[in-house]
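Residue numbers (this note's numbering), protein chains in the order written: chain B, 4 to 378; chain X, 4 to 467.
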């Protein structure tokens with residue numbers, strides 16, 4: 004199958020019958036080729052943002068919170084490679100984003116992540132990840148960091164009640180940083196996910212959920228502000244409910260008890276309660292076959308692309324297509340072999356459209372950027 | 004052990020060294036020489052290597068080595084004492100290396116009959132004559148350093164997702180803490196393996212950062228290719244020699260004791276002789292640690308420490324227990340092993356912990372980990388998961404160094420180092436590169452420097 008035939012195929016694929024499929028909002032998505040991190044990442048990102056209408060009207064005099072992707076412990080590396088070359092957002096993309104946000108007039112730029120198995124300062128995790136903390140701090144005025152795996156620097160958690168019927172939890176309780184912001188950016192990696200198929204700007208925000216409340220060692224009643232584990236028991240496998248500070252799930256006896264069902268739904272819920280205003284996907288170098296080196300069979304890939312959009316579902320749909328998949332594929336079809344399609348779940352919530360026919364792709368075309376993750 | 008050490012000291016005191024012009028054993032840079040031809044010695048040109056271990060030395064080879072100022076030693080195996088020794092003596096070697104498990108008194112008997120030669124023992128770890136004044140303590144037992152790989156080729160991760168690194172550093176530090184002897188670790192490359200150059204560099208550095216020397220031993224493949232002067236093999240040899248020179252050019256590093264605020268009180272004759280024990284566990288966490296031999300425990304040895312781990316509480320004398328009580332009364336934090344725990348004794352042929360012992364040691368490790376947390380105990384390093392480090396502090400506190408060794412296949416970029424102490428000047432010393440002044444910046448805990456890139460190893464020198 005040629006690239007043209009493939010594009011024609013995925014564009015003509017029948018849409019899943021979902022509630023809001025045709026009405027879900029759309030926004031343009033831009034793609035740029037960037038073969039290595041030694042290229043002018045700042046210039047290429049700047050061009051992407053310009054193609055989207057510019058950052059200034061979005062961030063001037065605003066507090067901007069940027070959720071980066073630092074999946075897994077910084078000590079876990081694929082064959083000893085730098086984390087940014089495999090499964091973490093690359094620090095050059097992070098630094099360039101900070102610079103461009105600052106140049107566009109952002110008042111405060113707060114980088115956030117729920118770091119693996121710790122609620123310690125995010126600055127420590129950043130240093131352990133090989134990012135140059137001082138360079139990042141000086142990339143723009145007002146750069147801050149917050150580890151959202153617990154309370155962090157705040158005194159209380161923020162509550163994000165789902166407006167309507169959520170898939171899993173009626174309310175998500177998270178770090179204050181996710182509420183105390185004007186603009187929310189998901190700065191993700193172009194990766195497969197072993198359970199959910201792909202992990203892009205939507206799935207990146209699964210990391211907003213604090214292990215202090217939703218972690219395996221969360222307290223039964225109160226949060227555990229020194230979490231040392233992940234969130235498998237609560238979110239992935241429903242072995243227990245979150246700490247009682249957060250409400251339990253709506254239908255504990257329904258649905259599959261695996262990540263492909265549950266994590267996909269939590270991610271879709273989060274796209275509603277914590278809307279993403281700007282999605283940025285680092286696809287310069289990454290991993291295929293899984294989200295991190297702990298997944299058997301994961302391998303390094305070099306798609307050489309940067310993607311940005313103002314709607315996370317649209318951005319992820321384009322990104323999924325760039326990875327060589329049909330963004331409307333359903334359970335059992337690559338890449339959603341064992342999962343429900345997060346994009347379609349988010350689309351059904353009305354977050355955005357995953358229909359490529361409705362999305363205005365700017366810069367490089369999907370066809371030109373195509374890099375097949377399944378070989 | 005003490006009897007054996009005493010006899011060894013007595014024997015050595017009768018052994019004058021043959022050639023006064025030759026370097027002293029403490030400055031020997033040893034290599035197992037796989038060649039028998041004199042032309043092979045051309046490879047030594049421009050290297051710091053000054054001591055060759057021959058399997059079957061000929062008079063011509065010994066003479067040629069000596070002409071280059073290189074010490075020639077003959078390796079004698081336990082089953083070859085008679086014949087091999089006679090042939091070595093006939094070849095007029097400078098000394099012999101007794102490698103393996105010899106009956107008690109063998110060295111003394113040989114020394115008595117051959118007063119003109121040096122004798123080095125490469126014995127099992129549990130027979131090392133600790134506490135002796137021998138200029139060289141040697142063992143043939145060592146782990147092959149590197150990141151542990153499981154059956155499927157994936158890196159093993161512990162419960163905290165830290166990479167585990169096989170290393171001899173804990174053992175070497177424990178031995179070195181006992182006295183000032185130069186330590187040789189003479190383990191050979193894995194059998195039937197063509198060892199990558201980086202792995203040679205890692206094993207050299209693994210010993211070098213602990214003040215010891217690895218007795219260089221080439222695998223058969225590299226030895227053959229080097230004999231043929233294959234370009235890649237010669238390149239590998241130059242890199243090996245270059246890294247040896249890196250450590251030999253800084254003899255002052257070898258004289259510096261471990262620094263930091265964490266002390267581990269341990270019997271080097273027991274758990275200290277093992278790899279994978281508490282010292283290695285702490286090393287993987289990149290916390291500077293000062294091993295204190297239980298037999299030498301004193302208030303002076305604990306000076307400057309704020310935390311101490313007493314691995315084998317039951318082994319302490321009442322006086323030693325009182326020293327630790329005084330330490331805690333003075334504000335120090337003391338962690339002791341679980342009740343009933345005894346530091347395991349190294350068995351002959353075994354240099355790592357048995358599974359059951361390892362599981363019990365994990366209990367101590369969890370407590371140590373909890374006690375240390377993310378505190379800065381002298382130096383705190385970031386982005387060093389594939390690395391080991393050693394913090395050495397010059398007496399008087401005016402200078403210190405931090406050695407870094409990278410065990411991965413890739414260079415590590417952006418290492419950050421936060422340290423305590425008023426060191427306002429920092430220099431990065433890297434093999435084969437010019438020294439570089441590092442920018443020193445203030446941190447919450449003290450000061451910090453950034454190291455852009457570490458290939459195999461690097462050393463940060465800190466000065467006031």
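Every residue, glycine too, gets a C-beta built ideally from N, C-alpha and C.
Residue 200 of chain X and residue 239 of chain X closer than 7 Å at C-beta: Their beta carbons are under 7 Å apart, which means residue 200 of chain X touches residue 239 of chain X by this criterion.
Expected contact under 8 Å - CB spacing of residue 437 of chain X and residue 452 of chain X to nearest Å: The Cβ separation is near 17 Å, so there is no contact.
Contacts that residue 68 of chain X makes with chain B (C-beta to C-beta distance below 7 Å): Residues of chain B whose Cβ lies closer than 7 Å to the Cβ of residue 68 of chain X do not exist; the shortest such Cβ separation is about 39 Å.
Buried/exposed call for residue 90 of chain B, threshold 16 Cβ in 10 Å: With 16 or more Cβ atoms within 10 Å of its Cβ, residue 90 of chain B is classed as buried.
Per-residue DSSP class, three states only, for residue 157 of chain X: Unreliable placement is indicated for residue 157 of chain X, whose pLDDT of 44 sits below 50; the coordinate value is still reported in the next sentence. It is coil, neither helix nor strand.
C-beta neighbour in chain X for residue 135 of chain B, strict 7 Å: Judged by the 7 Å Cβ criterion, residue 135 of chain B is in contact with chain X.
Proximity to residue 234 of chain X [Cα-Cα], best of X:442, X:375, X:46 and X:126: By alpha-carbon distance to residue 234 of chain X, the top candidate from X:442, X:375, X:46 and X:126 is X:46.
Extent of the continuous beta strand (DSSP E) run through residue 269 of chain X: Unbroken beta strand (DSSP E) run through residue 269 of chain X: 265 to 269.
Contiguous alpha helix (DSSP H) assignments of at least 4 residues, all confined to the stretch 27 to 109 of chain B: With a minimum length of 4 residues, the continuous alpha helix (DSSP H) runs that stay inside the stretch 27 to 109 of chain B are 44 to 54, 59 to 62 and 94 to 106.
Chain-ordered neighbours of residue 169 of chain X on chain B, where CB pairs are closer than 8 Å: Near residue 169 of chain X there are no residues of chain B at all, since even the closest Cβ is about 15 Å away, more than 8 Å.
Cα-Cα separation between residue 155 of chain X and residue 302 of chain B, rounded to whole angstroms: Residue placement at residue 155 of chain X cannot be trusted, given a pLDDT of 43 that sits under 50; the coordinates are not used to answer.
Residue 467 of chain X, buried or exposed, once every other Cβ within 10 Å from all chains shown has been counted against 16: In the assembly as shown, residue 467 of chain X is an exposed residue. Its beta-carbon has fewer than 16 other beta-carbons within 10 Å.
Nearest neighbour of residue 403 of chain X, chosen from X:255, X:310 and X:458 [CA to CA]: For the residues X:255, X:310 and X:458, the minimum Cα distance to residue 403 of chain X belongs to X:255.
Close beta carbons around residue 40 of chain X, own chain, < 8 Å, minus the five adjacent residues each side: These residues qualify, in order along the chain: 64.
Endpoints, the beta strand (DSSP E) within which residue 116 of chain B is located: Start and end: 111 to 116.
Cβ neighbours of residue 279 of chain X in the same chain (closer than 6 Å, five flanking residues each side left out): Excluding residues within five positions, the ones whose Cβ falls inside 6 Å are 355 and 356.
Assigned exposure category for residue 324 of chain X - 16 Cβ within 10 Å defines buried: Exposed is the call here.
Euclidean distance between Cα positions of residue 105 of chain B and residue 382 of chain X: Computed Cα separation, rounded: 34 Å.
Cα-Cα separation between residue 447 of chain X and residue 123 of chain B, rounded to whole angstroms: When rounded, the distance between both Cα atoms is 15 Å.
Beta strand (DSSP E) segment containing residue 290 of chain B, residue limits: Taken as a continuous stretch (DSSP letters only), the beta strand (DSSP E) holding residue 290 of chain B covers 289 to 291.
Run of the beta strand (DSSP E) containing residue 294 of chain X, from where it starts to where it stops: Residue range 293 to 296 is occupied by the beta strand (DSSP E) that includes residue 294 of chain X.
Inter-stretch contact (C-beta, 8 Å, three-pair minimum) for the stretch 308 to 322 of chain B and the stretch 115 to 135 of chain B: The stretch 308 to 322 of chain B vs the stretch 115 to 135 of chain B: no contact.
Sequence ranges, alpha helix (DSSP H) only - wholly within the stretch 215 to 243 of chain X, length at least 4: Entirely contained in the stretch 215 to 243 of chain X, the alpha helix (DSSP H) runs reaching 4 residues are, in chain order, 223 to 230.
Neighbour-count burial assignment, residue 158 of chain X, 16 or more Cβ in a 10 Å radius: Caution is warranted here: a pLDDT of 42 is assigned to residue 158 of chain X, below 50, making its placement in the model unreliable, and the coordinate value is therefore given only provisionally. Residue 158 of chain X is buried by the Cβ-count criterion.
Where residue 161 of chain B falls: helix, strand or coil (DSSP): DSSP places residue 161 of chain B in strand when its eight states are reduced to three.
C-beta contact flag for residue 203 of chain B and residue 319 of chain B at 7 Å: For residue 203 of chain B and residue 319 of chain B, yes; Cβs fall inside 7 Å.
Proximal chain X residues relative to residue 312 of chain B, where beta-carbon distance stays under 7 Å: Correct list: empty, because the minimum Cβ distance to chain X is about 30 Å.
Coarse secondary structure for residue 232 of chain B, derived from DSSP in three states: Reduced to three states, the DSSP call for residue 232 of chain B is coil.
Short CB-CB distance (under 7 Å) between residue 210 of chain B and chain X: At a cut-off of 7 Å between beta-carbon atoms, residue 210 of chain B makes no contact with chain X.
Through-space distance from residue 277 of chain B to residue 393 of chain X, alpha-carbon basis: Their backbone Cα atoms lie some 46 Å apart in a straight line.
Cut-off 6 Å between Cβ atoms - residues of its own chain near residue 88 of chain B, not counting five sequence neighbours on either side: If we look at residue 88 of chain B and ignore the five residues flanking it on each side, its Cβ neighbours are 288.
Minimum C-alpha distance to residue 125 of chain X - residue among X:119, X:248 and X:140: The shortest C-alpha separation from residue 125 of chain X is found at X:140.
Near-chain B residues of the stretch 363 to 378 of chain X - C-beta to any C-beta below 7 Å: Within the stretch 363 to 378 of chain X, the qualifying residues are 377.
Rounded straight-line distance, which links the Cα of residue 348 of chain X to that of residue 130 of chain X: Going by C-alpha positions, residue 130 of chain X is about 12 Å away from residue 348 of chain X.
Residue 84 of chain X: first and last residue of the uninterrupted alpha helix (DSSP H) it sits in: Boundaries of the alpha helix (DSSP H) around residue 84 of chain X: 84 to 93.
Where residue 239 of chain B falls: helix, strand or coil (DSSP): Residue 239 of chain B falls in the helix class under three-state DSSP.
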